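Trainee:
Protein chains: 2
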Amino acid sequence: MVVMSEGRRLKVALDAFGSDRRPDPEVEAALLAAKDGLALELVGDRAVLDAKLAERGSDRAGLEIVHAPSQISMDASAARAVRAQPDASLCVAVDRLAAREVDAVVSAGNSGALLAAALLRLGRCVGLDRPAIATSLPRADQLDDPAGRTVLLDAGANVECKVLNLVQFAVVGAAYSRIEYGVARPRVAVLANGRESVKGTALTRGAHGILSGHPSDSFEFVGYVEPNELFSARCDVAVTDGWTGNVALKLAEGAMAAWPRMLRAALAEIGSKAPDTEGEAAIAAAIDAGLQLVARHLDPEAHGGAPLLGVDGAVMICHGAAGPRAILNAVIAARRFAERGLTEAIGDALEDHTELFELARKLP
Amino acid sequence: MVVMSEGRRLKVALDAFGSDRRPDPEVEAALLAAKDGLALELVGDRAVLDAKLAERGSDRAGLEIVHAPSQISMDASAARAVRAQPDASLCVAVDRLAAREVDAVVSAGNSGALLAAALLRLGRCVGLDRPAIATSLPRADQLDDPAGRTVLLDAGANVECKVLNLVQFAVVGAAYSRIEYGVARPRVAVLANGRESVKGTALTRGAHGILSGHPSDSFEFVGYVEPNELFSARCDVAVTDGWTGNVALKLAEGAMAAWPRMLRAALAEIGSKAPDTEGEAAIAAAIDAGLQLVARHLDPEAHGGAPLLGVDGAVMICHGAAGPRAILNAVIAARRFAERGLTEAIGDALEDHTELFELARKLP
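Chains as they are written, first to last, in the working numbering: chain A, 302 to 665; chain B, 302 to 665.
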């Protein structure tokens with residue numbers, strides 16, 4: 302278990318060569334973090350990073366660089382790349398956490414490679430078979446409430462899952478909801494294509510059977526949740542396999558991005574029929590403000606990337622398209638992850654549910 | 302094969318006891334259809350329907366009733382219910398099509414039961430293993446174009462699928478895109494969690510391999526499509542298993558419904574800070590108009606329900622929550638389905654691709 306060094310400020314290692322536009326967004330985020338007094342080290346090619354920082358001519362505010370000469374590409378085969386390139390920025394960043402030189406890691410790189418590196422270098426929490434990526438969806442009626450979000454996992458770490466994995470995701474997700482959103486006894490559901498327990502697949506029915514038959518003190522199992530209910534307060538945690546979770550996440554992103562474009566098109570159509578220039582401008586301005594506000598609430602990156610739950614340390618994944626603000630928010634979230642002892646809380650929760658896992662292990 | 306009787310107007314059988322609020326939305330839809338001169342028969346309990354129609358006191362406009370004394374509930378086990386209740390409204394409606402007394406069937410009832418009844422009473426198109434439910438998603442930049450929609454199938458008929466099913470969905474979906482939306486050579490994609498062919502599951506990779514290795518004259522295979530791309534013009538047809546398709550559809554519905562609520566909340570927040578009552582009212586009115594316009598374009602029911610593709614006859618499924626307008630639109634779509642010979646076109650397309658299916662049949 303990664304233990305915080307006493308008397309030292311919490312420090313985050315940021316993979317400087319993860320994002321699609323690397324390393325610019327990372328450098329920018331690091332400077333913003335340093336300005337805010339956050340302890341951070343930038344991991345990547347020292348010459349490039351030094352040049353980038355010199356270019357900016359700004360105060361480096363004590364920003365450290367840890368040298369890592371190579372980079373893992375977005376389309377590389379994850380496990381192979383991690384083994385072949387131990388000196389890649391992503392691997393070195395994870396090494397820093399494994400060596401307890403830092404307290405958390407953030408990368409906007411190849412998420413499969415980050416998972417592989419974390420498994421190889423940090424290992425899993427005791428008793429867990431598969432870590433999961435957790436994402437948080439906004440709720441339509443709780444936009445203003447930072448805690449009013451539904452945790453969905455696995456959002457893509459494990460394309461194929463067994464009943465045991467889903468049951469463990471329930472336990473791990475509940476610990477995350479408790480620590481991150483302050484929900485004392487999270488309501489956990491299994492994502493399915495209907496509310497009735499006969500719905501779903503062999504996988505979901507297996508998980509439903511185990512979770513409904515063996516109540517836990519630390520979370521309340523509320524049965525199946527349908528995909529359209531994820532944007533409401535019907536449950537705090539929804540568990541699914543990484544294939545379905547990834548489809549759900551990307552579809553939500555697509556729908557959320559399509560909507561404002563549709564509204565603008567519709568308003569342009571209306572506007573063209575009622576040519577009142579002044580009124581139109583006011584309406585357009587108000588809608589822009591509204592759209593921006595909604596976008597701010599919706600932006601998954603504003604909430605600090607997606608944590609990789611169940612590896613032995615605080616690891617946060619950013620979107621490849623992440624910009625400086627998104628990466629900065631992920632750094633802040635990763636720091637909070639370490640500060641609040643999420644890894645330890647997950648370890649404890651796993652230990653409390655070993656009997657449940659033994660039952661689940663008997664199912665396919 | 303269901304053949305249109307010559308010299309007779311196309312007629313639709315409407316299950317009067319399908320929807321959640323049955324039979325009121327169905328009766329209302331039937332009256333609207335009759336007023337529009339559409340030939341339609343209402344299938345259900347004659348006494349109840351007569352009373353409903355008498356209550357309305359309106360001109361029945363030649364509306365026929367076909368008696369069916371019982372009903373299948375929404376949560377009934379589909380196959381069992383269809384066998385146990387041959388006199389249920391849903392079964393009798395399908396019987397009318399099997400007997401060629403009508404040219405198409407519409408039901409807002411239990412979709413599993415409708416599928417089971419169609420399989421049992423109409424059978425499948427020759428050469429097809431599994432029929433699929435097709436749904437159409439709007440594209441952000443083509444709201445005004447009725448043909449600018451992406452066909453997604455299977456949206457829920459087959460929770461578990463083999464490679465053969467996905468390959469057949471590609472052929473069937475392309476035929477639908479051609480007939481319904483006039484796309485001469487539809488671009489077909491397999492839904493996956495990334496664009497690269499190494500992504501996905503054994504199922505998607507199997508379908509990708511078959512479709513990319515054996516080009517068809519009637520459609521263009523364009524590889525994988527990601528869920529967030531479904532709201533764009535990246536492909537005309539996206540194929541997936543019924544589990545994933547159902548999750549995608551319900552998630553899209555949920556996200557699309559959540560968005561306007563989020564915008565209203567955001568605007569209320571902005572409005573409360575700038576209390577200009579008159580301007581606010583104008584803005585609210587414009588946004589309402591815009592939202593309504595978007596909703597009209599988005600509403601899956603406005604586009605006439607979801608066709609069940611690959612059974613031997615025109616069968617259209619409505620949402621259980623469907624109202625009169627949605628059901629009327631489904632009746633119009635079902636009529637068009639029969640008129641344009643969609644079933645025959647699907648049969649021809651299947652016959653043209655038997656070699657492809659033989660290859661796919663060797664994969665799991």
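Here a beta-carbon is modelled for each residue, glycine too, at the ideal position from N, C-alpha and C. Note that the coordinates shown come from a computational prediction; the quantities given were computed from them, not determined experimentally.
(1) Identify the contact partners of B:L416 in chain A, using a Cβ-Cβ distance below 7 Å as the criterion.
(2) To test your reading of the DSSP string, which unbroken alpha helix (DSSP H) runs of 4 or more residues are found completely within the segment 386 to 429 of chain B?
(3) Is B:R562 close to chain A? Criterion is C-beta to C-beta, closer than 7 Å.
(4) Suppose you measure from the CA of B:A335 to the CA of B:R361; what does that come to, to the nearest Å?
(5) At the level of alpha carbons, what is the spacing between A:V540 and A:V491?
(6) Spatial neighbours of A:A623 within its chain, please: CB distance less than 7 Å, with the 5 preceding and 5 following residues excluded, ordered by chain position.
(7) According to DSSP, A:K312 sits in a beta bridge with which residue or residues?
(8) Can you say whether A:A464 is buried or exposed, counting buried as having 16 or more other CB atoms within 10 angstroms of its CB?
(9) Check whether chain B comes within 7 Å of A:V532, counting only Cβ atoms and requiring the distance to be less than that.
(10) How far does the alpha helix (DSSP H) with B:L629 in it extend, from its first residue to its last?
(11) For A:E554, is the classification buried or exposed, using 16 other Cβ atoms within 10 angstroms of its Cβ as the cut-off for buried?
(12) Going by C-alpha distance, which of B:V460, B:R479, B:V484 is nearest A:G495?
(13) Could you give the distance in angstroms between the alpha-carbon of A:T655 and the alpha-carbon of A:T451?
(14) Near A:V393, what residues of its chain come up, given a Cβ to Cβ distance below 6 Å and the 5 sequence neighbours on each side ignored?
(15) Mark A:G670 as exposed unless 16 or more other C-beta atoms lie within 10 angstroms of its C-beta, in which case mark it buried.
(16) Taking C-beta to C-beta, are A:A639 and A:D404 nearer than 7 Å?
(17) Hey, could you find the ends of the beta strand (DSSP E) A:R450 is sitting in?
(18) Measuring only the C-alpha atoms, how far is B:S378 from B:P387?
(19) Between B:G591 and A:A567, is the Cβ-Cβ spacing less than 7 Å?
(20) Name, going along the chain, the residues of the segment 353 to 367 of chain A whose beta-carbon falls closer than 9 Å to a beta-carbon of chain B.
(21) Below 7 Å on C-beta distance, what does B:T716 contact in chain A?
(22) What is the DSSP secondary structure of B:M563, counted as helix, strand or coil?
(23) In chain A, which residues lie with their C-beta within 7 Å of the C-beta of B:V595?
(24) Listing by chain order, which chain A residues have their CB less than 8 Å from the CB of B:T502?
(25) Quick one: what's got a C-beta closer than 7 Å to B:L421's C-beta in the same chain, skipping five residues either side?
(26) Is there a Cβ from chain B that is less than 7 Å from the Cβ of A:N494?
(27) Helix, strand or coil for A:F470, going by three-state DSSP, please let me know.
(28) Between the Cα of B:A475 and the Cα atoms of B:D537, B:G457, B:G449, B:C462, which residue gives the shortest distance?
(29) Does the separation of the CB atoms of A:T436 and A:A627 fall below 7 Å?
(30) With distance defined between alpha-carbon atoms, name the residue in A:A503, A:R323, A:D649, A:R486 nearest to A:D518.
(31) Classify B:K663 as helix, strand or coil using the three-state DSSP reduction.
(32) Do B:V473 and B:L610 count as a contact pair if the criterion is CB distance below 7 Å?
(33) Under a Cβ-count criterion, where at least 16 other Cβ atoms within 10 Å of its own Cβ denotes burial, should B:S306 be classed as buried or exposed?
(34) Name, in chain order, the residues that DSSP records as bridge partners for B:H368.
(35) Under 9 Å between beta-carbons, which chain D residues line up against A:L664? List them in chain order, please.
(36) Quick one: does B:A441 have its CB under 7 Å from some CB of chain A?
Mentor: So, from the data block:
(1) For the purposes of this step, residue 416 of chain B is taken as residue 115 along the second sequence, with counting starting at 1. Near B:L416 there are no residues of chain A at all, since even the closest Cβ is about 14 Å away, more than 7 Å.
(2) As far as the segment 386 to 429 of chain B is concerned, its whole alpha helix (DSSP H) runs of at least 4 residues are 390 to 399, 412 to 422.
(3) The count along the second sequence starts at 1 and reaches residue 562 of chain B at position 261. Chain A contact via Cβ: present.
(4) Taking the first residue of the second sequence as position 1, residue 335 of chain B is located at position 34. Taking the first residue of the second sequence as position 1, residue 361 of chain B is located at position 60. Each residue's alpha carbon lies about 7 Å from the other.
(5) Position 239 of the first sequence holds residue 540 of chain A. Position 190 of the first sequence holds residue 491 of chain A. Computed Cα separation, rounded: 5 Å.
(6) Residue mapping note: residue 623 of chain A aligns to position 322 of the first sequence, counting from 1. Leaving aside the five residues that flank A:A623 on each side, the residues in its chain whose CB is nearer than 7 Å to its CB run, in chain order, S320, P326, A409, E602.
(7) By one-based count along the first sequence, residue 312 of chain A stands at place 11. Beta-bridge pairing links A:K312 to A:A340.
(8) One-based indexing of the first sequence puts residue 464 of chain A at position 163. The residue you asked about is not Ala; residue 464 of chain A is Val in the sequence shown. It is buried - the Cβ of A:V464 has at least 16 other Cβ atoms within 10 Å.
(9) Along the first sequence, one-based indexing puts residue 532 of chain A at 231. Checking the sequence, you will find Phe at residue 532 of chain A rather than Val. Cβ-Cβ to chain B under 7 Å: yes for A:F532.
(10) Reading the second sequence from its first residue, position 328 is the one you call residue 629 of chain B. The continuous alpha helix (DSSP H) containing B:L629 extends over residues 625 to 640.
(11) Within the first sequence, numbered from 1, the residue matching residue 554 of chain A stands at position 253. Here A:E554 is buried, its C-beta having at least 16 other C-beta atoms within 10 Å.
(12) Numbered from 1 along the first sequence, position 194 holds the residue referred to as residue 495 of chain A. Sorting B:V460, B:R479, B:V484 by C-alpha distance to the C-alpha of A:G495 places B:V460 at the top.
(13) As a working note, residue 655 of chain A is residue 354 in the first sequence. As a working note, residue 451 of chain A is residue 150 in the first sequence. Computed Cα separation, rounded: 25 Å.
(14) As a position in the first sequence, residue 393 of chain A is number 92, starting the count at 1. These residues qualify, in order along the chain: V344, A369.
(15) Past the edges of chain A, shown from 302 to 665, lies residue 670 of chain A, and the structure says nothing about it.
(16) Taking the first sequence and counting its residues from 1, one reaches residue 639 of chain A at position 338. Taking the first sequence and counting its residues from 1, one reaches residue 404 of chain A at position 103. For A:A639 and A:D404, yes; Cβs fall inside 7 Å.
(17) The count along the first sequence starts at 1 and reaches residue 450 of chain A at position 149. Unbroken beta strand (DSSP E) run through A:R450: 450 to 454.
(18) One-based indexing of the second sequence puts residue 378 of chain B at position 77. One-based indexing of the second sequence puts residue 387 of chain B at position 86. Approximately 14 Å, taken between the alpha carbons.
(19) As a position in the second sequence, residue 591 of chain B is number 290, starting the count at 1. As a position in the first sequence, residue 567 of chain A is number 266, starting the count at 1. Contact flag set, yes.
(20) Of all residues in the segment 353 to 367 of chain A, none places a beta-carbon less than 9 Å from a beta-carbon of chain B.
(21) Residue 716 of chain B is absent from the structure shown; chain B starts at 302 and stops at 665.
(22) For this step, residue 563 of chain B is matched to residue 262 along the second sequence. B:M563: helix per DSSP, three-state reduction.
(23) Residue mapping note: residue 595 of chain B aligns to position 294 of the second sequence, counting from 1. The contacting residues are M563, L564, A567.
(24) Indexing the second sequence from 1 puts residue 502 of chain B at position 201. Contact note: B:T502 reaches chain A through V460, E461, W544, using a C-beta cutoff of 8 Å and chain order.
(25) To locate residue 421 of chain B, count along the second sequence from 1; it is residue 120. Its chain contains V383 as the residues whose beta carbon lies nearer than 7 Å to that of B:L421, once the 5 sequence neighbours on both sides are disregarded; these appear in chain order.
(26) By 1-based counting over the first sequence, the position of residue 494 of chain A is 193. Interface residue, yes.
(27) If you number the first sequence from 1, residue 470 of chain A lands on position 169. In the three-state DSSP reduction, A:F470 falls in the helix class (H, G or I).
(28) Reading the second sequence from its first residue, position 174 is the one you call residue 475 of chain B. Nearest C-alpha to B:A475: B:D537.
(29) Looking up residue 436 of chain A in the first sequence gives position 135. Looking up residue 627 of chain A in the first sequence gives position 326. The Cβ atoms of A:T436 and A:A627 lie no closer than 7 Å to each other.
(30) Along the first sequence, read from residue 1 onward, the residue named residue 518 of chain A stands at position 217. The shortest C-alpha separation from A:D518 is found at A:R486.
(31) As a first step, residue 663 of chain B is located in the second sequence; it is residue number 362 there, counting from the start. In the structure shown, B:K663 sits in coil (DSSP, three-state: anything other than H, G, I, E or B).
(32) Walking along the second sequence from the start, residue 610 of chain B turns up at place 309. Walking along the second sequence from the start, residue 473 of chain B turns up at place 172. Yes; because the gap between Cβ atoms is below 7 Å, this pair is in contact.
(33) Within the second sequence, residue 306 of chain B is the residue found at index 5, counting from 1. Any reading at B:S306 must be qualified, since the residue scores a pLDDT of 48, below 50, and its modelled position is unreliable; the value itself is stated next. Within 10 angstroms of the beta-carbon of B:S306 lie fewer than 16 other beta-carbons, which makes it exposed.
(34) Within the second sequence, the letter at position 67 stands for residue 368 of chain B. Bridge partners of B:H368: B:G345.
(35) In the structure shown, chain D cannot be found, because the protein chains are A and B.
(36) Residue 441 of chain B sits at position 140 when you count from the first residue of the second sequence. With respect to chain A, the C-beta atom of B:A441 has a partner C-beta closer than 7 Å.
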